[in-house]
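For the sequence shown, the positions run 552 to 921 when my numbering is used.
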Amino acid sequence: MSKRDYYEVLGVQRGAGEQEMKSAYRKLALQYHPDRNPNNTEAEERFKEAAEAYGVLSDAQKRAAYDRYGHPGLQGASAGFDPSAFSDFSDILGDFFGFGDMFGAGRSRQPQAQQGGDVRYDLEINLEDSIQGLKANLLVPKLEACSRCGGNGAEPKDGIVTCPICRGRGETVFQQGFLSIRRTCSQCAGHGKIIRRPCTACRGEGHLRAERRLEVNIPPGIDTGTRVRVTGEGQPGVRGGPPGDLYVVIKVASHSIFERREYDLHCTIPVNVAQAALGIEVDLLTFDGLQTVKVPAGTQPGDEIRLKELGVPRLRGSGRGDIYVHVDVKVPAKLTREQKKLFEELLETLPAENEPHYKGLFDKVKDYFM
552 MSKRDYYEVL GVQRGAGEQE MKSAYRKLAL QYHPDRNPNN TEAEERFKEA
602 AEAYGVLSDA QKRAAYDRYG HPGLQGASAG FDPSAFSDFS DILGDFFGFG
652 DMFGAGRSRQ PQAQQGGDVR YDLEINLEDS IQGLKANLLV PKLEACSRCG
702 GNGAEPKDGI VTCPICRGRG ETVFQQGFLS IRRTCSQCAG HGKIIRRPCT
752 ACRGEGHLRA ERRLEVNIPP GIDTGTRVRV TGEGQPGVRG GPPGDLYVVI
802 KVASHSIFER REYDLHCTIP VNVAQAALGI EVDLLTFDGL QTVKVPAGTQ
852 PGDEIRLKEL GVPRLRGSGR GDIYVHVDVK VPAKLTREQK KLFEELLETL
902 PAENEPHYKG LFDKVKDYFM
C-alpha cells in the first residue's frame, strides 16, 4: 500500500511554515494518541503516520529531498530521525514514546531520587518567650531510614534481585513500525530491581516511625503564624534523595495584662476620677521590670500614655515597639453620704461645662414657639 503525501497527512500546504506544521501535528497527535484511543488500531496507525510526516517535514534537509523526489528521496533516511524535533511535544508523547529515548537512542531511564516530605510541628509559647526568644526542646515524630535494610525495604543479604522482565533497565522496549517504544517496566515499576524478601524490621517499607528530640532556636520578636525552618529534619528522601525540612509553626498564647499588636504592646490601667483629675504615678510590671507610669493631671477617659522602646523586638530589623497604656477612668456607682457631700461641694466650685449647650437648646425651642 503506497504512503500518503506527508503534507496531506498533516493537512497543510506545501509552502507551510514551521509553526503551522507544528500546530497541525499537535492537533493530530492529541486526536489520535493511543492513550485516548485504546485498542483502536486505525487511530494508532494515524498517530504513527502523523509522527512520520512531521519527522520528515520538520527537518529542512529531508523536507527538501521529499519536495524534490517524493517518498523515494527518503530511502534509508527514516532511521536518522532526530528525537529533538519532537521535544516541544513531550507533554503529549512523553510516556508513549519513553521521551528522550525515541528511535532507540538514549539510555535506560531509572526512577529519579526524590526529596522527602516536610514535617509540621505546632508550638505554643507565651508572650514573654516571644519577646525574649528561647531554645525549645521538641520531640518530633518522623520517619527514619531502617538501619537493617538501609532504606531499600529488603533483607540485607539476598532480599533484592534484578528484575527478570527488564533485566535491570527499568523499562521495556518494543518496535512499532519505525518507532522504538519504551515503557516503564510493569514488574519493577522502573526500579530495575524487585524485592524478593522484605526486610523483617520495617516489613518492606524502608522506614520506621520514630521520635527525635531537637533543640530549636526561637528568635525574639516571633509572632503567631510565623514558621521556623529546620533544614533536613523532615521525612527521609526517596531512592537516595535528600530529606525534607521541619517547619515549626508558632502560636503565641494570650497574656493576662498585655495585648500584642504587631510590635507594640497595649494594656489598660484603671484610675478613679480624683486620680485622673489630680494626676498619679502607677507602677507597671513590664517584661523589662517595674516601670513608673505617670498619669498627668486632667487625664481624660481613653487617653493613652506611651512607653518608648519597651515593646516587642523587631524580628527582621533593629529596635523595638512601644507600650501603650490606656487610661480607664472609673466613675463610682455608689457614694457614701460624706462622698456625696464632697462631690456636691465640688460641683458648686466647678464651671458648668454643659451650660452653653443647654442654654443654646432652650433658646432654639423658645424661638420656635414665639
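Don't be surprised by glycine CBs; every beta carbon is placed ideally from N, CA and C.
Option in ILE801, LYS802, VAL800, ILE820 with minimal Cα separation from ILE502
Look at the range of the chain in this structure, 552 to 921, and you will see that residue 502 is not part of it.
Limits of the alpha helix (DSSP H) - the one that LEU893 falls within
Position 342 of the sequence shown, counted from the start, is the residue given in the question as residue 893. 888 to 900 is the extent of the alpha helix (DSSP H) around LEU893.
Contained alpha helix (DSSP H) runs [length at least 4] in the segment 801 to 874, N- to C-terminal order:
824 to 829
Consult DSSP for ALA560 and reduce its assignment to one of helix, strand or coil.
As a working mapping, residue 560 is identified with position 9 in the sequence shown. Checking the sequence shown, residue 560 turns out to be Val, not Ala. Here VAL560 sits in helix by DSSP.
Could you tell me the boundaries of the beta strand (DSSP E) in which VAL712 lies?
What you label residue 712 is simply residue 161 of the sequence shown in a count that begins at 1. Looking at the DSSP string, the run of the beta strand (DSSP E) that includes VAL712 is 711 to 713.
Where SER805 falls, given that 16 or more other Cβ within 10 Å makes a residue buried
Counting from one through the sequence shown, the residue named residue 805 turns up at place 254. So SER805 counts as exposed.
Any idea what DSSP makes of ALA696, helix, strand or coil?
Against the sequence shown, residue 696 aligns to sequence position 145. Strand at ALA696.
Which stretch, first to last residue, makes up the beta strand (DSSP E) that contains LYS885?
The sequence position of residue 885 within the sequence shown is 334, counting from 1. Segment: none, LYS885 is in no beta strand (DSSP E) and carries neither H nor E.
Anticipated Cβ contact below 8 Å, GLN560 with ALA601, distance rounded:
As a first step, residue 560 must be located in the sequence shown, where it is residue number 9. As a first step, residue 601 must be located in the sequence shown, where it is residue number 50. It is Val, not Gln, that sits at residue 560 in the sequence shown. Indeed they touch by this definition, with Cβ atoms about 6 Å apart.
Within 8 Å, do at least three Cβ pairs link the segment 813 to 831 to the segment 794 to 805?
no
Assuming LEU886 and ASP873 form a contact by the criterion Cβ under 8 Å, report the distance between their Cβ atoms to the nearest whole angstrom.
Reading the sequence shown from its first residue, position 335 is the one you call residue 886. Reading the sequence shown from its first residue, position 322 is the one you call residue 873. So it is not a contact: roughly 37 Å between Cβ atoms.
Would you call the segment 762 to 769 and the segment 675 to 689 in contact, with 3 or more CB pairs under 8 Å?
With a cut-off of 8 Å, the segment 675 to 689 and the segment 762 to 769 count as touching, because enough Cβ pairs lie within range.
Count the other CB atoms within 10 Å of the CB of PRO794; is the residue buried (16 or more) or exposed (fewer)?
For the purposes of this step, residue 794 is taken as residue 243 along the sequence shown, with counting starting at 1. Flag for PRO794 reads buried.
Take ARG811 and list the residues in its own chain whose beta-carbon comes closer than 6 Å to its own, dropping the five residues that flank it on each side.
Translated into positions along the sequence shown, residue 811 becomes position 260. Nothing listed; no residue qualifies.
Should VAL882 go down as buried or exposed, given a rule of 16 or more other Cβ atoms within 10 Å for buried?
Here residue 882 refers to the residue found at position 331 of the sequence shown. The residue is exposed, with fewer than 16 neighbouring Cβ atoms inside 10 Å.
GLY701 vs GLY785 beta-carbon contact at 8 Å
Locating residue 701 in the sequence shown gives position 150, where the first residue counts as 1. Locating residue 785 in the sequence shown gives position 234, where the first residue counts as 1. Not a contact, by the Cβ cut-off of 8 Å.
Figure out for me which residue from ILE682, ASN590, SER737, TYR576 has the closest Cα to the Cα of LEU866.
In the sequence shown, counting from the first residue as 1, residue 866 sits at position 315. Nearest of ILE682, ASN590, SER737, TYR576 to LEU866, Cα basis: ILE682.
Helix, strand or coil, according to DSSP, for HIS622 in the structure here?
For this step, residue 622 is matched to residue 71 along the sequence shown. For HIS622, the secondary structure class from DSSP, reduced to helix, strand or coil, is helix.
Classify GLN570 as helix, strand or coil using the three-state DSSP reduction.
Taking the sequence shown and counting its residues from 1, one reaches residue 570 at position 19. GLN570 falls in the helix class under three-state DSSP.
For GLN665, three-class secondary structure by DSSP:
For the purposes of this step, residue 665 is taken as residue 114 along the sequence shown, with counting starting at 1. Looking at GLN665 - three-state DSSP - the assignment turns out to be strand.
Within the same chain, show all residues whose beta-carbon is closer than 7 Å to that of VAL607, passing over the 5 residues directly before and after it, in chain order.
Here residue 607 refers to the residue found at position 56 of the sequence shown. TYR557, LYS613, ARG614, TYR617, LEU625.
Helix or strand or just coil, what does DSSP make of ASP673?
The residue you call residue 673 lines up with position 122 of the sequence shown. Strand, per DSSP.
Check for me: the alpha helix (DSSP H) holding VAL789 runs from which residue to which?
In the sequence shown, the residue the question calls residue 789 occupies position 238. From DSSP, VAL789 is part of no alpha helix (DSSP H); its letter is neither H nor E.
Do you know how far the Cα of GLU603 is from the Cα of PRO623?
On the sequence shown, position 72 is the one that residue 623 refers to. On the sequence shown, position 52 is the one that residue 603 refers to. Cα to Cα, PRO623 sits roughly 15 Å from GLU603.
As assigned by DSSP and simplified to three states, the class of SER682:
What you label residue 682 is simply residue 131 of the sequence shown in a count that begins at 1. In the sequence as presented, Ser is not what sits at residue 682; that position holds Ile. Helix.
Would the beta-carbon of GLU773 fall within 8 Å of that of ILE746?
Mapped onto the sequence shown, residue 773 falls at position 222. Mapped onto the sequence shown, residue 746 falls at position 195. One point to set straight first is that residue 773 is Ile, not Glu, in the sequence displayed. No, the pair does not count as a contact, with Cβ atoms beyond the cut-off.
At the level of alpha carbons, what is the spacing between PRO589 and TYR583?
Walking along the sequence shown from the start, residue 589 turns up at place 38. Walking along the sequence shown from the start, residue 583 turns up at place 32. Near 10 Å, if we compare the C-alpha coordinates of TYR583 and PRO589.
Mark PHE894 as exposed unless 16 or more other C-beta atoms lie within 10 angstroms of its C-beta, in which case mark it buried.
Within the sequence shown, residue 894 is the residue found at index 343, counting from 1. PHE894 should be labelled exposed.
Report the partner residues of LYS613 according to the DSSP bridge assignment.
Translated into positions along the sequence shown, residue 613 becomes position 62. Note: LYS613 sits in no beta bridge, so no partner.
Straight-line Cα distance separating ARG764 from GLN842:
The residue labelled residue 842 in the question sits at position 291 within the sequence shown. The residue labelled residue 764 in the question sits at position 213 within the sequence shown. Each residue's Cα considered, the two are about 39 Å apart.
State the start and end residues of the unbroken alpha helix (DSSP H) segment that holds ARG597.
As a first step, residue 597 must be located in the sequence shown, where it is residue number 46. Unbroken alpha helix (DSSP H) run through ARG597: 592 to 608.
Bounding residues of the beta strand (DSSP E) (the contiguous stretch that carries ARG555)
In the sequence shown, counting from the first residue as 1, residue 555 sits at position 4. From DSSP, ARG555 is part of no beta strand (DSSP E); its letter is neither H nor E.
Starting from LYS744, trace the beta strand (DSSP E) in both directions and tell me its first and last residue.
Position 193 of the sequence shown, counting from 1, holds the residue named residue 744. 744 to 746 is the span of the beta strand (DSSP E), which, as asked, contains LYS744.
Just tell me which of LYS859, SER553, GLN890, GLN666 has its CA closest to the CA of VAL824.
Here residue 824 refers to the residue found at position 273 when the sequence shown is read from its first residue. It is GLN890.
When we look at the beta-carbon of PHE632 and count the other beta-carbons within 10 Å, is it buried (16 or more) or exposed?
For the purposes of this step, residue 632 is taken as residue 81 along the sequence shown, with counting starting at 1. Low confidence applies to PHE632: its pLDDT is 46, below 50, so where it sits in the model is not reliable, and the reading given next is rough at best. By the neighbour-count rule (16 or more Cβ atoms within 10 Å), PHE632 is buried.
First and last residue of the beta strand (DSSP E) that includes HIS584?
Indexing the sequence shown from 1 puts residue 584 at position 33. From DSSP, HIS584 is part of no beta strand (DSSP E); its letter is neither H nor E.
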